[in-house]
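One structure is given here, and the rest of the page talks about it.
Protein chains in written order, with the working numbering: chain A, 10 to 177; chain B, 418 to 929.
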């Protein structure tokens, strides 16, 4: 058994696990944080994305042991005080989550993007989310949700466009 | 409007099958065939059973009753009985206290195979009727043969000014939902079984469990967990669902299985690779006088929905363009590959690709604009096609006109620089099924409402939420009729204790 201390969603956690376990397994199985999903466990699909010290990582490729002393952020920390994060609001309102399986990973990747670049272009959003696969939405709704949340996080009074709600 | 499950999905609160865990839960792994086609000479599980932490090991004879999604194709066993039919066919199941132990136990199982000649394409299966992959096939290794003629097609083609013949091949593909299939079974000492599973069709899984486990259906509850994408790939009852149920019954403990991404490809049930031949007669103005369409489907190792898929490759050619006389011949081959089945559009995207390209070629020969050719040959509204499909309203003409206008078609078709082009294709699909899989006179689906004294309303329905929004639609409809807020409504679906859509597929090959 390996024992590490690290920060998970702003709280100090001490956790013991078999040393071969990935961060994905430690989060889901040892800490009960099942909001982080697995899609391939081969580093191909991005579904297991979490933030490690603010940077998106594929938690299926990171050993739990390597996280000692670091800070991990999962989807469970995004809504605060019973209120959704602006990205969660727009993903819900614009239909950017269909089956919802890839959604936590997209949210975290988008959050990291907006922290570094509060006003990304569509191309920059596409680039930042290129490592995350979604099979339901076709990505357009996801890009629109990120753009709308970004505007609101900049303090603009942005509303969804008619096109993104009703189509062309 | 927000979907009723949107907040759960964006907060990570939605519980998918693999997110479930119970005290004393065991983990199941399946040993899969390394051979494409072979007789099983022997399976030795003695050492595997002795491994510390292993609680039970199953092989074919523990689950000898066959099952399958269609009544005419009950050709699968939870674990192969006497032979394996593709690389990945499950031959043994282990339940152990950890996933690592279950995986280690698989390596201790010794299987002796006697290889048989295997077939990797429909053409190979046609060429070699022996050895048969299944003995119930219509002919040799041809699972299903269909021949339907509506009107005298040769006479129709004889009246044509131009007869064109083409051959097309559509490569197969797979669904790839982001969520791997997973299931958890729990057995209670009062003889009741509960299965939570990532399925689009809980009611069919229910049927298969009752049959294979020889349990009264009333003692089994199947709960379809929200699907992390399905696209048709989670519409069959699967070996892993039956194996965990049996293991839970034997051990008296909850048993869970989560397939690896590799195993999802073995479940497959993807779109059939299809070879298509089409011969059509047309008048100089583009009017179709007759069409003869043949399809050869590579079905893989089992029946699955394949009989339906085969009919689908011939059913809808007549519903967009007026085909007054129509002849369809279909054949589905068994091959030693992961089984094909329903995937979005179920058997119709392949012939649609063939038909649309074929029409473009005809338009080219007749020197008619392909958009114009389609507009001239549209099926009229409120009509019956040659193969007896009822067409109600017909908006395809308006749709083509809008596309022609919006794409600036007239200025761009055949006028773009080398290497660039603009094209147009149409498609259509049926709404509702004429007959359910298990024929009966009951409604295809039903909804029950529970209204409580506090003003709360609960909707119960057999449909499965796979991301397409069916739970939300149920809430919206009820809210509109009752004049209440959809978010005041609780929706309970995809649970076999709620009203059964016993007949129609719950969500086959659907949007998500």
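C-beta atoms are modelled at their ideal positions from N, C-alpha and C, and glycine is treated no differently.
These numbers were taken from a predicted model, which means no experiment stands behind them.
{"query": "C-beta neighbour in chain A for residue 651 (chain B), strict 7 Å", "result": "no"}
{"query": "Those runs of the alpha helix (DSSP H) which lie wholly inside the stretch 71-137 of chain A and span at least 4 residues", "result": "95-102, 112-125 and 131-137"}
{"query": "Chain-order list of residues whose beta-carbon lies under 6 Å from that of residue 464 (chain B) (same chain, five-residue window excluded)", "result": "525"}
{"query": "Per DSSP, cross-strand counterpart(s) of residue 715 (chain B)", "result": "B:750"}
{"query": "Any chain B beta carbon closer than 7 Å to residue 129 (chain A)", "result": "no"}
{"query": "Contact list for the stretch 139-150 of chain A against chain B, Cβ threshold 8 Å", "result": "142, 143, 144 and 145"}
{"query": "Any chain A beta carbon closer than 7 Å to residue 461 (chain B)", "result": "no"}
{"query": "Residue 431 (chain B) at chain A interface by Cβ criterion, 7 Å", "result": "yes"}
{"query": "Secondary structure of residue 622 (chain B), DSSP reduced to three states", "result": "helix"}
{"query": "Whole runs of the alpha helix (DSSP H) within the stretch 670-705 of chain B, excluding any shorter than 4 residues", "result": "678-684"}
{"query": "Min CB distance residue 919 (chain B) to chain A below 7 Å", "result": "Because the pLDDT at residue 919 (chain B) is just 42, under 50, the model does not fix this residue reliably, and the point stays unresolved."}
{"query": "Status (buried if at least 16 other CB within 10 Å, exposed otherwise) for residue 73 (chain A)", "result": "buried"}
{"query": "Residue 768 (chain B) - containing alpha helix (DSSP H), residue span", "result": "766-783"}
{"query": "DSSP-derived helix/strand/coil call for residue 543 (chain B)", "result": "helix"}
{"query": "Where residue 535 (chain B) sits in the DSSP three-state scheme", "result": "coil"}
{"query": "Coarse secondary structure for residue 468 (chain B), derived from DSSP in three states", "result": "coil"}
{"query": "Anticipated Cβ contact below 8 Å, residue 76 (chain A) with residue 32 (chain A), distance rounded", "result": "6 Å"}
{"query": "Test item: CB-CB of residue 507 (chain B) and residue 579 (chain B) under 7 Å", "result": "no"}
{"query": "Rounded straight-line distance, which links the Cα of residue 779 (chain B) to that of residue 536 (chain B)", "result": "36 Å"}
{"query": "Backbone CA spacing between residue 479 (chain B) and residue 615 (chain B) [nearest angstrom]", "result": "24 Å"}
{"query": "Distance between residue 475 (chain B) and residue 558 (chain B) (C-alpha atoms, nearest Å)", "result": "30 Å"}
{"query": "Touching by the beta-carbon criterion (3+ pairs, under 8 Å), the stretch 166-175 of chain A and the stretch 487-496 of chain B", "result": "no"}
{"query": "Straight-line gap, residue 15 (chain A) to residue 634 (chain B) (C-alpha atoms, nearest Å)", "result": "49 Å"}
{"query": "Ordered list of alpha helix (DSSP H) runs contained in the stretch 482-533 of chain B, each at least 4 residues", "result": "516-523"}
{"query": "Beta-carbon proximity of residue 636 (chain B) to residue 673 (chain B), cut-off 7 Å", "result": "no"}
{"query": "Chain B contact for residue 88 (chain A) (CB, 7 Å cutoff)", "result": "yes"}
{"query": "Short CB-CB distance (under 7 Å) between residue 159 (chain A) and chain B", "result": "no"}
{"query": "Residue 444 (chain B), buried or exposed, once every other Cβ within 10 Å from all chains shown has been counted against 16", "result": "buried"}
{"query": "Cβ-based burial, residue 459 (chain B) [other Cβ within 10 Å; buried from 16]", "result": "exposed"}
{"query": "Candidates B:781, B:567, B:456 and B:720, of which the one nearest residue 528 (chain B) by Cα", "result": "B:456"}
{"query": "Residues near residue 168 (chain A) by beta carbon distance below 7 Å, same chain, minus five either side", "result": "none"}
{"query": "Per DSSP, the bridge partner or partners of residue 444 (chain B)", "result": "B:513 and B:673"}
{"query": "Of the residues B:631, B:497, B:663 and B:425, the one placed nearest residue 85 (chain A), counting alpha carbons only", "result": "B:425"}
{"query": "Backbone CA spacing between residue 860 (chain B) and residue 880 (chain B) [nearest angstrom]", "result": "13 Å"}
{"query": "Chain A residues whose Cβ lies nearer than 7 Å to that of residue 423 (chain B)", "result": "101 and 106"}
{"query": "Contacts that residue 84 (chain A) makes with chain B (C-beta to C-beta distance below 7 Å)", "result": "428 and 429"}
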